[in-house]
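Numbering-wise (the numbering used here), the sequence shown opens with residue 42 and increments by one.
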Amino acid sequence: MAGKGALLYLDDGQYLIDAISSWWVTLHGHSNAYIARAIAEQASKLEQVIFADFVHPQAESLAKRLNKLSHLERLFFSDNGSTAVEVAIKIACQFWHNKGESRKQIIAFDGAYHGDTFGAMAVGERNIFSKPFENMLFPVTRVPWPENWWGNEDIENSEKEALTSLHNHLETPTAAVIIEPLLQGAGGMRMVRKEFLKSVETLTRESGALLIADEVLTGFGRTGDLFASKKADLSPDLMSLSKGLTGGFLPMGITLAKEEIFKEFLGEDPKQTFWHGHSFTANPLGCAAANASLDLLESSPELYENFESRHLPYLEEIAKKSKVIKPRLLGSIAAFDLNIDGEKGYLNNARLVVKEKALKKGIFIRPLGNVIYLMPPLCIEDSQLAKCYRVVSEIIDSL
Ligand SMILES: *Cc1c(COP(=O)(O)O)cnc(C)c1O
Numbered sequence: 042m043a044g045k046g047a048l049l050y051l052d053d054g055q056y057l058i059d060a061i062s063s064w065w066v067t068l069h070g071h072s073n074a075y076i077a078r079a080i081a082e083q084a085s086k087l088e089q090v091i092f093a094d095f096v097h098p099q100a101e102s103l104a105k106r107l108n109k110l111s112h113l114e115r116l117f118f119s120d121n122g123s124t125a126v127e128v129a130i131k132i133a134c135q136f137w138h139n140k141g142e143s144r145k146q147i148i149a150f151d152g153a154y155h156g157d158t159f160g161a162m163a164v165g166e167r168n169i170f171s172k173p174f175e176n177m178l179f180p181v182t183r184v185p186w187p188e189n190w191w192g193n194e195d196i197e198n199s200e201k202e203a204l205t206s207l208h209n210h211l212e213t214p215t216a217a218v219i220i221e222p223l224l225q226g227a228g229g230m231r232m233v234r235k236e237f238l239k240s241v242e243t244l245t246r247e248s249g250a251l252l253i254a255d256e257v258l259t260g261f262g263r264t265g266d267l268f269a270s271k272k273a274d275l276s277p278d279l280m281s282l283s284k285g286l287t288g289g290f291l292p293m294g295i296t297l298a299k300e301e302i303f304k305e306f307l308g309e310d311p312k313q314t315f316w317h318g319h320s321f322t323a324n325p326l327g328c329a330a331a332n333a334s335l336d337l338l339e340s341s342p343e344l345y346e347n348f349e350s351r352h353l354p355y356l357e358e359i360a361k362k363s364k365v366i367k368p369r370l371l372g373s374i375a376a377f378d379l380n381i382d383g384e385k386g387y388l389n390n391a392r393l394v395v396k397e398k399a400l401k402k403g404i405f406i407r408p409l410g411n412v413i414y415l416m417p418p419l420c421i422e423d424s425q426l427a428k429c430y431r432v433v434s435e436i437i438d439s440l
């Protein structure tokens, strides 16, 4: 097996267009030469070093760049998206603990997905994946997610309902509100409006709770801006990053935090310390990949800024089909629901049927139940994108 750009080459000589960026991680395309070289160069200099007692230039450079880009002054390294969320939740809870303030409640949204470790699972929507562990997950308060799509006429009502619910729950002392800004990924590519997020931020601030932005998926240009928070004009207290962080080359997680949060962990008393660390914290290869990926994003911002306009004409066309409902578009992510029979949600049969049909025609997609989406790497060529839509369109007609 091999990969180059938007293509995956199989052992039998066939190739597929990777229209979902290998589960949303591959940002600039497979085997990007610039990132590959950066990793190779770093590997022959320093492959790994303990990140206690030592720092190294790749980590320092990455930290400075992300601090500047995110306007969050501090960061914490971990290994993947789930740990980046775990760290955010733990920091939020210990922040209040260190301050001596009792704030127990955590608020998350219906349909959320934040990862598969215990804390991340707890804040995510409870479903068949978390069922065997239900009694071990800490309680989380849920607020409706007012998803939006082209032509949704009820959006103001559903936003109002969600905000009323949030407002009421925030009467209880709350440690943090965790949100996937602008887009719930695994929950079905469900998008919300900026206006809604601004109100969520305002209510959260008024209550004193911390705002955690899980940008594991939305970070690094996916939504058309470098971060969804930036696009929605939010300033979260904590932000979790992974997936596209290294351009999709290596696993790494980062949790960014505001200076005022960091300060609460300083002092002589070891009880104040954030006792959390992973063996591969700030791995130099991961940092080198992340720095190289940032170079690419900075040298060609138009690739992510203009992606939405590449999807637009195709999505408009496909949205005319009677089986296509709730078309929606954000940056490099285009999605819609199939209006067909079967089980609701992820286990809808369309997931397998559509995937199989697409594979036969050279496209790799993985519908989330009856939700079909395309999230290609930024490097996808026009002819390849056209082929993705042609195949998807044919499949819909054949159902
Ligand atoms: C994928 C994802 C995670 C989990 O990341 P992993 O690296 O798979 O652990 C967390 N939050 C969001 C929003 C994600 O999309």
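Quick reminder that beta carbons are idealized off the backbone N, C-alpha and C, glycines included. All values derive from a computational prediction rather than experimental measurement.
How many Å lie between residue i and residue j at the Cα?
i	j	result
residue 225	residue 195	19 Å
residue 407	residue 374	13 Å
residue 93	residue 204	43 Å
residue 107	residue 248	28 Å
residue 65	residue 327	17 Å
residue 305	residue 128	15 Å
residue 411	residue 371	19 Å
residue 417	residue 355	14 Å
residue 333	residue 166	34 Å
residue 369	residue 109	31 Å
Considering Cα atoms alone, identify which of the options is closest to residue i.
i	options	result
residue 220	213, 212, 214 and 237	237
residue 314	139, 56, 126 and 328	139
residue 160	125, 183 and 136	125
residue 11	272, 299 and 260	Summary: the structure shown does not reach residue 11, with the chain confined to residues 42 through 440, and so no result is reported for it.
residue 396	57, 51 and 162	57
residue 152	287, 233 and 50	233
residue 259	155, 290 and 422	155
residue 100	295, 435 and 265	295
residue 146	218, 377, 358 and 113	218
residue 440	240, 199 and 392	392
residue 51	409, 403 and 419	403
residue 379	428, 436, 427 and 353	436
residue 365	323, 227, 78 and 414	414
residue 420	400, 363, 338 and 201	338
residue 284	263, 272, 348 and 150	263
residue 164	266, 148, 172 and 347	148
residue 363	350, 352, 347 and 381	381
residue 245	346, 215 and 142	215
residue 240	261, 201 and 213	201
Within the present structure, is the beta-carbon of residue i separated from the nearest heavy atom of ligand 1 by less than 7 Å?
i	result
residue 121	yes
residue 227	yes
residue 86	no
residue 155	yes
residue 255	yes
residue 258	yes
residue 221	yes
residue 283	yes
residue 331	no
residue 164	no
residue 412	no
residue 126	yes
residue 161	yes
Give a yes or no on contact between the region 315-323 and the region 107-124, applying the rule of three or more CB pairs nearer than 8 Å. yes
Just checking, does the region 96-107 make contact with the region 175-186 on the three C-beta pairs under 8 Å criterion? no
Can we say the region 254-268 touches the region 78-87, given the rule of at least three CB pairs closer than 8 Å? no
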